[in-house]
Amino acid sequence: MSAAALVMLVVALVVVWGGLGTAVVFLLRHPLPDDDVVHLLDEEPGGAPAR
4 MSAAALVMLV
14 VALVVVWGGL
24 GTAVVFLLRH
34 PLPDDDVVHL
44 LDEEPGGAPA
54 R
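Just so you know, we're using this note's numbering here: the sequence shown kicks off at 4 and counts up by one.
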């Protein structure tokens with residue numbers, strides 16, 4: 004493999020694994036809300052679903 008191909012391989016690996024690592028860290032710091040909480044946010048104060 005040429006030097007240019009190796010550089011592109013390393014850059015691609017850093018982008019993919021770096022993005023995965025960033026996503027994992029973000030989700031650990033900011034977890035997604037539970038489904039029950041999301042459904043409660045979709046309801047109007049009277050208990051009827053929002054339209």
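Built from N, CA and C at the ideal position, the CB exists for glycine as well.
Note down, in chain order, each residue of its chain lying with its Cβ closer than 8 Å to the Cβ of residue i, except the 5 sequence neighbours on either side.
i	result
TRP20	none
In chain order, what residues of the same chain have a beta carbon less than 7 Å from the beta carbon of residue i, not counting five sequence neighbours either side?
i	result
ALA15	none
What's the gap between the Cα of residue i and the Cα of residue j?
i	j	result
ALA6	LEU12	10 Å
LEU35	MET4	43 Å
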